[in-house]
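Asker: Under the working numbering, the residues of the sequence shown are numbered 149 to 461, in order. For glycine and all other residues, C-beta sits at the position ideal for the given N, C-alpha and C. Just so it is clear, the structure is predicted and the values come from calculations on it, not from any experiment. Dumping the structure here so I can ask a few things about it.
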Amino acid sequence: MMRGPGIASVRPLRPGTIVGGYEVIAPLVAGGMGQLYEVTDIALGRDALLKVLHDRHATRADLAARLREEARILAHLDAAGVPAVYAVGDLDEHRPYFVMERLRGRDLQAELSRLGVMSVPTSVRLVLDLLATLEAVHQRSVVHRDVKLDNVFLRESGRVSLLDFGVARRMDEPLDLTQTGMTMGTLRNMAPEQHIGAEVDERTDLYAAGLVLFELISGRGPFDHLGVSQSARRAAHCAVAPPSLSSLAPQHVPRAIEEVVMRSLSKRRDDRYPSARAMARALFEASEAAHGNDEGPTYVDPSLWFMGRWDAA
């Protein structure tokens, strides 16, 4: 393979390397676009995460631009439930980076793998928290486009944060990095409009939030029985009605809560909830109705709706 000037020297960062006032401690996970490192702020002694364009993408100007855009979006959001950005820069002319808040806990995919399934009350609480974050994100004209269990982080405090804005898009920006017709997201979790490369909006994220709630309660996605076939999954998300949540869940699911989940999975965006706030209100009221009908314990701490993040959303 032909390489441009200086590309052959690109290597992963070694522990002890200093990047913009941060000392690299150890490499962490690598995603499709970036490599994460544990770092320490030398001046403040604060732990943080460094995300840098992966060395194998050092010739990809488009991915470099996307990583820079991710940093700008995170800084623009400045919201609870989203990691804070501390610094941005370039390792060299080929690889941008940014430094962000380090969170303690684990993602919901790891938590679900550990537990197998989550109780309905816990699932509802976590998704209400996620919806509060999505409302704040959408209020700032950003669509995440890759909401999934791996990208929802359960902090040690019990609250959740939304991670990885690598394919997020500002709805008020020109379509230069994310042209209509381009498929962006994770196939298993994409809304119908993403599968066909159509325009997206906040309701696209609500479809994915519905999938998160479906999977937490049932332990599986609605179309997992289709295996790894991309064409079958695409067809299912676009045209096949998902199985009822209650038919797959190994626990009782109150009817009102199931109705919220199934509406969020509507094929047409106009049939879904118009906003994360509207979906959260419906989910909150469904949990209250379930309690009133003696279908289970009180599902939601009312403070999640009346206090905290909703005041800032």
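#1: Over what stretch of residues does the alpha helix (DSSP H) that includes Pro269 continue unbroken?
#2: Report the rounded CA-to-CA distance for Arg318 versus Val285, giving the unit in angstroms.
#3: Please name the residue, chosen from Asp353, Thr281, Arg204 and Asp372, that lies closest to Leu225 on a Cα-to-Cα basis.
#4: If you follow the beta strand (DSSP E) that Ala176 is in, where does it begin and where does it stop?
#5: Hey, does Pro398 have any beta-carbon neighbour from chain B nearer than 8 Å?
#6: Can you tell me whether Ile166 is helix, strand or coil according to DSSP?
#7: Rank Val315, Pro244 and Ser366 by C-alpha distance to the C-alpha of Val494 and give the top, closest one.
#8: Where Thr328 and His439 are concerned, what is the direct C-alpha to C-alpha distance, given to the nearest angstrom?
#9: DSSP on Thr328, reduced to helix/strand/coil?
#10: I'd like the list of long-range same chain contacts for Ala339, defined as Cβ closer than 6 Å, with 5 residues on each side in sequence excluded.
#11: Pair every Cβ in the stretch 389–405 with every Cβ in the stretch 301–317, then say whether three or more of these pairs are closer than 8 Å.
#12: Could you give the DSSP three-state label for Thr352: helix, strand or coil?
#13: Please report how far the alpha carbon of Leu198 lies from the alpha carbon of Leu184, in whole angstroms.
#14: Just tell me which of Phe301, Glu436, Gln399 and Val268 has its CA closest to the CA of Pro231.
#15: With distances taken Cα to Cα, identify the nearest neighbour of Ala316 among Leu297, Arg336 and Arg288.
#16: Is Gln183 helix, strand or coil when you go by DSSP?
#17: So, is Ile221 buried or exposed, given that buried needs 16 or more other C-beta atoms within 10 angstroms?
#18: Do Thr188 and Ile173 count as a contact pair if the criterion is CB distance below 8 Å?
#19: Could you check the C-alpha separation between Ala430 and Arg303 for me, to the nearest Å?
#20: Taking the alpha carbon of Leu361 as the reference point, which residue from Thr270, Ile190 and Gly229 has its own alpha carbon closest?
#21: Among Val200, Val409, Arg208 and Ala191, which one has its Cα closest to the Cα of Met248?
#22: So, helix, strand or coil for Glu347, using DSSP?
#23: Rounded to whole angstroms, what's the CA-CA distance from Pro422 to Val408? Just pull it up for me.
Answerer: Once the coordinates are examined:
#1: Here residue 269 is taken as the residue at index 121 of the sequence shown, counted from 1. Residues Val268 to Gln287.
#2: The residue given as residue 318 occupies position 170 in the sequence shown. The residue given as residue 285 occupies position 137 in the sequence shown. Rounded to whole angstroms, Arg318 to Val285 spans 10 Å at the Cα level.
#3: Locating residue 225 in the sequence shown gives position 77, where the first residue counts as 1. The option with the nearest alpha carbon to Leu225 is Thr281.
#4: Counting from 1 along the sequence shown, the entry for residue 176 is found at position 28. Position check: residue 176 holds Leu in this sequence, whereas Ala was assumed. Its beta strand (DSSP E) spans residues Tyr170 to Ala178.
#5: Looking for chain B here will not work: only one protein chain is present.
#6: Here residue 166 refers to the residue found at position 18 when the sequence shown is read from its first residue. If DSSP states are grouped into helix, strand and coil, Ile166 belongs with the strands.
#7: Absent from the model: residue 494. The displayed extent of the chain is 149 to 461, so no value can be given.
#8: Taking the sequence shown and counting its residues from 1, one reaches residue 328 at position 180. Taking the sequence shown and counting its residues from 1, one reaches residue 439 at position 291. Reliability fails at Thr328, whose pLDDT of 47 lies under 50, so the model's placement of it is uncertain and the value that follows must be treated cautiously. So the two alpha carbons sit approximately 44 Å from each other.
#9: Taking the sequence shown and counting its residues from 1, the one referred to as residue 328 is at position 180. Unreliable placement is indicated for Thr328, whose pLDDT of 47 sits below 50; no coordinate value is reported for it.
#10: Working through the sequence shown from its first residue, we reach residue 339 at position 191. Around Ala339: Thr352 and Tyr355.
#11: no
#12: Your numbering for residue 352 matches position 204 in the sequence shown. Reduced to three states, the DSSP call for Thr352 is helix.
#13: Position 50 of the sequence shown holds residue 198. Position 36 of the sequence shown holds residue 184. Cα-Cα distance, rounded: 6 Å.
#14: Against the sequence shown, residue 231 aligns to sequence position 83. Closest option to Pro231, Cα to Cα, is Phe301.
#15: Position 168 of the sequence shown, counting from 1, holds the residue named residue 316. That would be Arg288, whose Cα lies nearest to the Cα of Ala316.
#16: Numbered from its first residue, the sequence shown carries residue 183 at position 35. Gln183: strand per DSSP, three-state reduction.
#17: Counting from one through the sequence shown, the residue named residue 221 turns up at place 73. By the neighbour-count rule (16 or more Cβ atoms within 10 Å), Ile221 is buried.
#18: Taking the first residue of the sequence shown as 1, we reach residue 173 at position 25. Taking the first residue of the sequence shown as 1, we reach residue 188 at position 40. Their beta carbons are under 8 Å apart, which means Ile173 touches Thr188 by this criterion.
#19: Numbered from its first residue, the sequence shown carries residue 430 at position 282. Numbered from its first residue, the sequence shown carries residue 303 at position 155. Near 25 Å, if we compare the C-alpha coordinates of Arg303 and Ala430.
#20: As a working note, residue 361 is residue 213 in the sequence shown. If we check each option's Cα against that of Leu361, Thr270 comes out closest.
#21: Looking up residue 248 in the sequence shown gives position 100. Measuring from the Cα of Met248, the nearest candidate turns out to be Val200.
#22: Within the sequence shown, the letter at position 199 stands for residue 347. Residue state, collapsed to three classes: coil.
#23: Sequence index remark: in the sequence shown, residue 422 carries index 274 (1-based). Sequence index remark: in the sequence shown, residue 408 carries index 260 (1-based). Answer to the nearest angstrom: the Cα atoms are 13 Å apart.
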